[in-house]
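Going by my numbering, the sequence shown opens with residue 13, and the numbers climb by one from there.
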Amino acid sequence: MIFKEISEGTAVLRFLLGVLVGYSLRGKQKSLIRVLVALLVVCVFLSAIVLPAIALLGLSIDVQRERRSRPTQTKVPVVKGLTYEDAERKLHAANLKIRLLATRYDSGLQAGLIIDQTPAPGEEVAVGYPVGVTISKKDFVGPGP
Numbered sequence: 013m014i015f016k017e018i019s020e021g022t023a024v025l026r027f028l029l030g031v032l033v034g035y036s037l038r039g040k041q042k043s044l045i046r047v048l049v050a051l052l053v054v055c056v057f058l059s060a061i062v063l064p065a066i067a068l069l070g071l072s073i074d075v076q077r078e079r080r081s082r083p084t085q086t087k088v089p090v091v092k093g094l095t096y097e098d099a100e101r102k103l104h105a106a107n108l109k110i111r112l113l114a115t116r117y118d119s120g121l122q123a124g125l126i127i128d129q130t131p132a133p134g135e136e137v138a139v140g141y142p143v144g145v146t147i148s149k150k151d152f153v154g155p156g157p
């Protein structure tokens, strides 16, 4: 719509410029030339300043509308080293959910602690997003005989 208006404005400018050049070559009707020059200046002002300003305003409104339509974001807290229950409370306080992804034996850690999380701490996610955790387990179950 705006580009159509700019195109029409360009056509008007060309017409006025043609009339202005024609009359100035003949040297007749100086008052008409002054009026045409004034119209030309107004058209240039409209097409070079006002129309782009209107286009930028429309773009700004679209960007604001798109930003408002996005879900609310929150940062993922650190839950590594916590128990499942403590991590669940911490994530609930940050408006996030918890999801157990796996359990893994780790001889260096106490059983029942979270040893990994996804997404990483500090990442921005949508409110209500599930944070996946891996918990250390007590016993190592090796391959069978």
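Heads up, the beta-carbon is just placed ideally off N, CA and C, and yes, glycines get one too. Here the structure is a predicted model, which is why all the values come from computation and not from measurement.
TODO: Grab me the residues of Asp128's own chain with a C-beta within less than 6 angstroms of its C-beta, minus the 5 sequence neighbours each way, in chain order.
DONE: On the sequence shown, position 116 is the one that residue 128 refers to. Same-chain partners within the cutoff: Thr146.
Open item on the list: Given this structure, state the Cα-to-Cα distance separating Pro133 from Leu113, to the nearest angstrom.
Closed with: Locating residue 133 in the sequence shown gives position 121, counting from the first residue. Locating residue 113 in the sequence shown gives position 101, counting from the first residue. C-alpha separation (whole angstroms): 16 angstroms.
Task: Contact between the region 69-80 and the region 105-125 (3+ Cβ pairs under 8 angstroms) - done: no
- [ ] Could you round the C-beta distance between Glu135 and Val88 to whole angstroms and report it? I think they count as a contact, below 8 angstroms.
- [x] Taking the sequence shown and counting its residues from 1, the one referred to as residue 135 is at position 123. Taking the sequence shown and counting its residues from 1, the one referred to as residue 88 is at position 76. Between Val88 and Glu135 the Cβ distance is about 5 angstroms, and since that is below 8 angstroms, they are a contact.
- [ ] Would you mind giving the Cβ-Cβ distance between Gly124 and Tyr96, rounded to the nearest angstrom? I have them listed as a contact below 8 angstroms.
- [x] Here residue 124 refers to the residue found at position 112 when the sequence shown is read from its first residue. Here residue 96 refers to the residue found at position 84 when the sequence shown is read from its first residue. With 8 angstroms as the limit, Gly124 and Tyr96 qualify as a contact, their Cβ atoms being about 7 angstroms apart.
- [ ] Check each candidate in Lys149, Leu48, Val56 and Leu51 and name the one with the smallest Cα separation from Thr22.
- [x] Your numbering for residue 22 matches position 10 in the sequence shown. Cα-wise, what sits closest to Thr22 is Val56.
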